[in-house]
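When we follow our numbering, the leftmost residue of the sequence shown carries the number 29, and every step to the right adds one. Notes follow the structure.
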Amino acid sequence: MLMTLAACTHLTPTDKTPTEQSPNERPANEQTASRAQLSIGYSLLYQEADGIPKLKWIFLFKKTPGEMGRVTDDLIGYYQQLAETMRRLSKEYPGMRIDAPAMSEIEGEERKSIGEDLAKDFAPVVGKTGIAFEREALLMFYDSLNEQRHLARVMAAAETDPGLRKFLQSTQAQLDERHEKVGRLLNERYFTH
29 MLMTLAACTH
39 LTPTDKTPTE
49 QSPNERPANE
59 QTASRAQLSI
69 GYSLLYQEAD
79 GIPKLKWIFL
89 FKKTPGEMGR
99 VTDDLIGYYQ
109 QLAETMRRLS
119 KEYPGMRIDA
129 PAMSEIEGEE
139 RKSIGEDLAK
149 DFAPVVGKTG
159 IAFEREALLM
169 FYDSLNEQRH
179 LARVMAAAET
189 DPGLRKFLQS
199 TQAQLDERHE
209 KVGRLLNERY
219 FTH
């Protein structure tokens, strides 16, 4: 639906060709399409930030040793804070929508299927335990962080509001730092070299 909306913003009335369009119309159309794309990005980022802390109950039932426990606690706390910040900012900045449809129905079903597989792997009694659980959990965080840090980078480049651009740049730096930390832990403890 948003792709159709974005495409429609580039359409011009039939009595004007794109070159006949006034200079004031083109930037407004481009700005509307850009804002629609940013809304998708903010919604994706918010859904992840709001969803990951819900995994906290899994880590309560699984033993997560030393550094693994510290890293996962930090990530869950960070995502809780990010979701709260995004809710607050969406009220302060009308251009920041966190409730836009973020993906097509088929992509949503794909993510749901992935989530169901992860839920089986992480289930308290029958799911993976020990090193296998820890590695899979860290890989899940590692992949999510990688996707989100790139999303924040692309959005920061497209964002025209200075306050929101600063938020995205800061978020990207925080995601980069956590991505590196999880990658380092995976390499040191969970992969053989």
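Ideal placement from N, C-alpha and C gives every residue a C-beta, glycine not left out.
Measure how close the beta-carbons of residue i and residue j come, nearest whole angstrom, since I'm counting them as under 8 Å.
i, j, result
"Ala180", "Leu192", "About 11 Å separates the two Cβ atoms, so there is no contact after all."
"Leu173", "Arg206", "5 Å"
Out of the options, point me to the one whose CA is closest to residue i's CA.
i, options, result
"Ala130", "Leu66, Ala165, Ser198", "Leu66"
"Gln75", "Ile126, Glu120, Leu103, Asp102", "Ile126"
"Ala184", "Ser198, Glu112, Gln202", "Ser198"
"Arg163", "Val99, Lys140, Arg115", "Val99"
"Leu73", "Ala111, Lys194, Thr60, Asp101", "Ala111"
"Leu117", "Glu138, Phe219, Gln200, Lys194", "Lys194"
"Asp171", "Ile142, Thr60, Ile159", "Ile142"
"Gly123", "Gly97, Arg139, Tyr70, Gly136", "Tyr70"
"Gly97", "Asp204, Ile159, Phe219", "Ile159"
Are the CB atoms of residue j and residue i within a distance shorter than 9 Å?
i, j, result
"Val210", "Phe169", "yes"
"Arg177", "Glu95", "no"
"Ala64", "Met114", "no"
Within the same chain, show all residues whose beta-carbon is closer than 8 Å to that of residue i, passing over the 5 residues directly before and after it, in chain order.
i, result
"Ala106", "A small fix is needed here, since residue 106 is Tyr in this sequence, not Ala. The residues are Gln202, Arg206."
"Ser62", "Ala186, Thr188"
"Glu135", "none"
I'd like the list of long-range same chain contacts for residue i, defined as Cβ closer than 6 Å, with 5 residues on each side in sequence excluded.
i, result
"Glu58", "none"
"Leu214", "Leu166"
Only counting the same chain, and skipping five residues up and downstream in sequence, which positions put a Cβ closer than 7 Å to that of residue i?
i, result
"Glu133", "none"
"Tyr121", "Asp189, Gly191, Leu192"
"Gln200", "Arg177, Ala180, Arg181, Ala184"
"Glu144", "none"
"Arg54", "The predicted model places Arg54 with a pLDDT of 44, which falls under 50 and marks its position as unreliable, so this point remains unresolved."
"Arg212", "none"
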